[in-house]
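Data block below; observations after.
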Amino acid sequence: MASARACAAAATPTRATAASSPRCCAASPTTSMPESAVDAGVEMSSRAEIAREALHEFAPASQVGALVSEETDDDGVTTLTFAATMLGYPGWHWTVSVVQLEGDEPTVLEAELLPGDGALLAPDWVPWSVRLEEYKAAQAAEAAERAAAGEPDEDADDADDDDFGGESEDDDADDEGDDAEDDEDSDDDGFGDADEHGEDFGDDVYDGLDPESAVEHAESDDAESDGAAR
Numbered sequence: 001m002a003s004a005r006a007c008a009a010a011a012t013p014t015r016a017t018a019a020s021s022p023r024c025c026a027a028s029p030t031t032s033m034p035e036s037a038v039d040a041g042v043e044m045s046s047r048a049e050i051a052r053e054a055l056h057e058f059a060p061a062s063q064v065g066a067l068v069s070e071e072t073d074d075d076g077v078t079t080l081t082f083a084a085t086m087l088g089y090p091g092w093h094w095t096v097s098v099v100q101l102e103g104d105e106p107t108v109l110e111a112e113l114l115p116g117d118g119a120l121l122a123p124d125w126v127p128w129s130v131r132l133e134e135y136k137a138a139q140a141a142e143a144a145e146r147a148a149a150g151e152p153d154e155d156a157d158d159a160d161d162d163d164f165g166g167e168s169e170d171d172d173a174d175d176e177g178d179d180a181e182d183d184e185d186s187d188d189d190g191f192g193d194a195d196e197h198g199e200d201f202g203d204d205v206y207d208g209l210d211p212e213s214a215v216e217h218a219e220s221d222d223a224e225s226d227g228a229a230r
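In case it helps, this note's numbering puts the sequence shown at residues 1 to 230.
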């Protein structure tokens, strides 16, 4: 009886169950990207954003252009270069250094504005003492060239002139004569030096610096006038 049932079960067909298909999120060998490549892309995007935010802390967004380059050295430091869009800074660019340790967020090491090839640069600063020596050397060389060519020395001609426009001694004498004439004209200005008694002594005693002598002189004049009246 038992053997008959076993034979019947073996003879009855059974429904085959299909194997379960892979999950939709599983990586396909033909369409999926390696996990390391995906992580690297995320890291690069994050570094660029952090670098741009670091620049915006001291530079307006209008002065920071597009990302130009991104390089990572052997130490794991990534250098991101952005175009500089400021007026007057042709050939310059923003440079930001970013590092990311394992398990940490990217960190900005430094951010600066650097000149590139063909950038407009200010000349090197030269101390005044050095510039003065160069000026003296140039003057000496020029004087030597004039002497070799037989040209007159302009510095020697300048030495003959004084600090007041190079006036000669004759001009100084004429000036002194003009001053003397001006003094005479001032004495003949129509007012004279006569005092209040109508006497002209060449200079008014009241113009002196000693008031006591002026008083004594006035009293003497009064006494003489009284005696003459008597």
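We put the beta carbon where it would ideally sit given N, CA and C, even for glycine.
Rounded to whole angstroms, the gap between the alpha carbons of Ala143 and Gly150 is 10 Å.
Around the beta carbon of Thr95, 16 or more other beta carbons sit within 10 angstroms, so the residue counts as buried. DSSP places Leu67 inside the beta strand (DSSP E), whose first and last residues are 64-72. Here Gln63 has Ala84, Thr85, Met86 as same chain residues with Cβ atoms under 8 Å from its own Cβ, once five neighbours each way along the sequence are excluded. The residue from Ser46, Glu134, Arg47, His56 with its alpha-carbon nearest to that of Glu112 is His56. The alpha-carbon of Ala148 is positioned some 23 Å away from that of Glu133.
Bounds of the alpha helix (DSSP H) holding Ala143 are 128-149. Of all alpha-carbon atoms in Ala119, Tyr135, Ser69, the one lying nearest the alpha-carbon of Val126 is that of Tyr135. Going by C-alpha positions, Gln100 is about 17 Å away from Thr81. Beta-bridge partners of Glu112 (DSSP): Thr95. The beta carbon of Leu120 is closer than 6 Å to those of Pro90 in its chain, skipping five residues each way along the sequence. Pairing Arg47 with Gly118, the inter-Cα distance amounts to about 28 Å. Sorting Glu70, Ala51, Glu145 by C-alpha distance to the C-alpha of Ala61 places Ala51 at the top. Counting along the chain, Thr79 sits inside the beta strand (DSSP E) bounded by residues 77-84. Gly116 is a Cβ neighbour of His93, given a cutoff of 7 Å. A check of alpha carbon separations from Phe58 across Asp73, Glu110, Glu105, Ala137 identifies Glu110 as the nearest. By the C-beta density criterion, Thr78 is buried, having at least 16 other C-beta atoms within 10 angstroms.
Between Trp128 and Gly88, the alpha-carbon positions lie close to 27 Å from each other. A Cβ-Cβ separation of about 4 Å places Val108 in contact with Ala54 under the 8 Å criterion.
The shortest CA-to-CA distance from Leu114 to any of Val130, Glu105, Ser97 is the one to Ser97.
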